[in-house]
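Note that the sequence shown covers residues 109 to 430 in the numbering used here. What follows is a single structure, written as structure tokens, with notes after it.
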Amino acid sequence: MGIDLGKLFNDAVKGVSDFIDKTGKDIAKAIDQNGDGKLDLSDIQTVSDRIQASQAEARRKADLERLKPLFLDDSERAEFVMPKMILVAEMDKAHADNPVCEGSVGFKTVVDDMSAITIYRDRIDDFGLTFYPELENNVYYVDPCDRNHYISLDDYFSFMKMQRVAELQRIAQSLGATHFKVTYKEKSKSVASKTVDAALAAKAGKEGVDTKASRSIHDSSLASISIEAEMRFPGHAPIRPELHYLKKEINIVNLIEMRMDPLSPLQQQRFNIELSNSSGIREKDAVKIDAMLKSMKISGNTTVVAEVQNEARRILEYEIDF
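As structure tokens, then:
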């Protein structure tokens with residue numbers, strides 16, 4: 109049986125014709141927006157309007173993603189968590205000129221896995237936050253003991269030192285001390301490695317290691333030393349103090365427990381408090397903060413990482429008598 113090539117050709121042509129006819133009708137139906145069965149200027153205008161609306165919505169979403177405006181409603185949602193870093197600033201031109209930011213109170217910035225928000229200076233009261241110093245600076249980091257209190261990053265480590273000295277004063281007063289003294293010490297950068305090397309050598313049993321000499325090196329290589337607080341009291345029965353900045357300091361916890369024990373013979377104690385243990389910013393956090401500041405083109409005389417490394421060399425020596 110032979111193949112009718114002519115019939116095959118005619119069928120193929122008819123199929124293509126039917127496809128074009130059907131597709132054309134579908135397209136015409138899609139464009140016929142007013143349903144009058146005809147394509148006219150009204151239909152074309154409607155399609156054009158829809159395309160423009162779609163493009164405008166795409167631009168709006170792109171602007172929202174780029175500018176990340178923050179609205180007061182966003183901050184009032186249950187899932188909203190105020191980030192650890194806040195910037196206080198005037199609204200910049202990019203946000204002021206874009207309609208997607210109308211009514212915003214600030215904007216968000218995300219770098220890697222860290223986020224920060226910039227709050228416009230005239231909207232800061234909307235958040236119920238307190239600042240130290242009182243809104244004199246631009247970059248603030250959260251107080252580790254109060255989520256609604258933010259400390260200027262420039263003053264952060266000096267503020268934390270001041271708070272811990274004040275807490276040591278309150279502890280002495282509550283525990284009924286007759287005398288206390290807080291001495292601030294900062295080791296030079298080189299002494300830490302010398303002391304560690306000597307300690308490791310002594311532990312390994314190496315000959316010729318003079319631990320007294322090692323201690324002398326440590327004492328004579330302090331970059332600074334100052335008495336931060338000293339006071340005498342008549343003394344009284346102990347009252348358990350409330351801890352904040354030093355609540356994880358094991359020496360402080362042990363001191364309180366011994367003093368609160370009515371059978372304790374405790375009369376005097378002295379120990380060191382490493383400031384890096386309670387500074388509120390670890391080095392891994394400092395790396396993220398510096399990356400955030402760099403992305404926002406904010407620079408200073410030093411980095412937060414350098415400040416954290418300096419904090420590791422700082423000590424508060426606490427002496428207390430009962």
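For glycine and all other residues, C-beta sits at the position ideal for the given N, C-alpha and C. Keep in mind that this is a model prediction, so the values were computed, not measured.
- If you draw a straight line from the Cα of F379 to the Cα of E198, it comes to about 47 Å.
- Leaving aside the five residues that flank F215 on each side, the residues in its chain whose CB is nearer than 8 Å to its CB run, in chain order, L175, K176, P177, L178, H203, C209, I225, T226.
- In the DSSP assignment, D393 falls within the alpha helix (DSSP H) that extends over 391-403.
- Following the DSSP letters along the chain, one finds K295 inside the beta strand (DSSP E) bounded by residues 287-295.
- For the options V395, S212, I159, R278, the alpha carbon positioned closest to that of D182 is the one of S212.
- Under the DSSP assignment, F215 falls in the beta strand (DSSP E) whose first and last residues are 214-219.
- The region 282-290 makes contact with the region 421-430, as at least three CB pairs between them are under 8 Å.
- Contact between L383 and E419 holds: CB atoms are separated by about 5 Å, below the 8 Å threshold.
- Distances from the alpha-carbon of E184 to those of K192, G236, Y228 put G236 closest.
- In this structure, the straight-line span from the alpha carbon of D263 to that of N245 is close to 10 Å.
- Rounded to the nearest whole angstrom, the C-alpha separation of D254 and A161 is 47 Å.
- Contact check for R229 against V250 fails: the beta carbons are separated by 8 Å or more.
- Look at the beta carbons and you see the region 272-282 touching the region 346-355: at least three pairs across the two are nearer than 8 Å.
- In the three-state DSSP reduction, D181 falls in the helix class (H, G or I).
- When beta bridges are read from the DSSP output, F379 appears opposite Y426.
- Using a Cβ distance threshold of 8 Å, M400 and V189 do not count as a contacting pair.
- For H257, the enclosing beta strand (DSSP E) stretches over residues 254-260.
- Excluding five sequence positions before and after V413, the CB atoms of its chain that fall closer than 7 Å to its own CB belong to E391, A394, V395, D398, given in chain order.
- The DSSP-derived three-state label of F235 is helix.
- For A161, the three-state secondary structure derived from DSSP is helix.
- Comparing alpha carbon positions, the residue from K295, P346, M339, E173 closest to L371 is P346.
- Excluding its 5 nearest sequence neighbours in each direction, R168 has C-beta neighbours in its own chain below 7 Å: V208, listed in chain order.
- Counting along the chain, L330 sits inside the beta strand (DSSP E) bounded by residues 330-340.
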